[in-house]
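> Encoded as structure tokens, here's the structure I'll be asking about.
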């Protein structure tokens, strides 16, 4: 009888602890979300503005398609992060900021490329770069001991 009472007391304490930790996680999630959403606006601007500058062909449609793709990526990463926090897979800070951490380097890269008038979406640029690298790739293959074509 005494053991049964102690066991039920421990179960009540455990469920109370689990509920308190869940509420604390949700509170921290809401706190981080307020700041991450404002930074996310800046990060999406860092992606969208250079896309409009870099992609000159296709009018407004092509940059808009790329912007929608990046927004969908942000939306999915943000929802995954929230789900991971709710299920206690990630800490609230990491889960809520996941989308921002992933997209910030892309935004900085696109901004850098737009500032340098890059040919980011010009397939001729990549074709020429690949043609310049082909001799180097063949030399590496030949040195690694692969069979040479006859």
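Residue numbers (my numbering): 5 to 154. Beta carbons are placed, not taken as given, at the ideal position from N, Cα and C, and that holds for glycine.
Taking the alpha carbon of residue 38 as the reference point, which residue from 6, 91, 141 and 104 has its own alpha carbon closest?
104
> Flag this pair as touching only if the region 135-144 and the region 74-85 have three or more C-beta atom pairs under 8 angstroms; answer yes or no.
no
> Between residue 154 and residue 147, what straight-line distance do the alpha-carbon atoms span, to the nearest angstrom?
Confidence in residue 154 is poor, its pLDDT being 48 and thus under 50, which makes the residue's placement unreliable; the coordinate value appears in the next sentence. Distance between the alpha carbons of residue 154 and residue 147 is about 16 angstroms.
> Starting from the N-terminal side, write out each stretch of the alpha helix (DSSP H) that is 4 residues or longer and does not extend beyond the region 62-140.
Those alpha helix (DSSP H) runs which fall completely within the region 62-140 and span 4+ residues are 65-90, 96-100 and 102-119.
> Just checking my contact of residue 100 with residue 40 at CB under 8 angstroms: how many whole Å lie between their CB atoms?
5 angstroms
> Out of 19, 29 and 9, state which residue places its alpha-carbon closest to the alpha-carbon of residue 2.
Residue 2 lies beyond the range of the chain shown here (5 to 154); nothing can be said about it.
> With C-beta atoms as the reference, is residue 67 less than 8 angstroms away from residue 115?
no
> Taking residue 16 as part of the alpha helix (DSSP H), name the residues at either end of that continuous run.
6-58
> Leaving out five residues before and five after residue 51 in sequence, what residues of the same chain have Cβ atoms less than 8 angstroms from its Cβ?
Excluding the 5 residues flanking it on each side, residue 51 has same chain C-beta neighbours closer than 8 angstroms at 71, 74, 107, 110, 111 and 114, in chain order.
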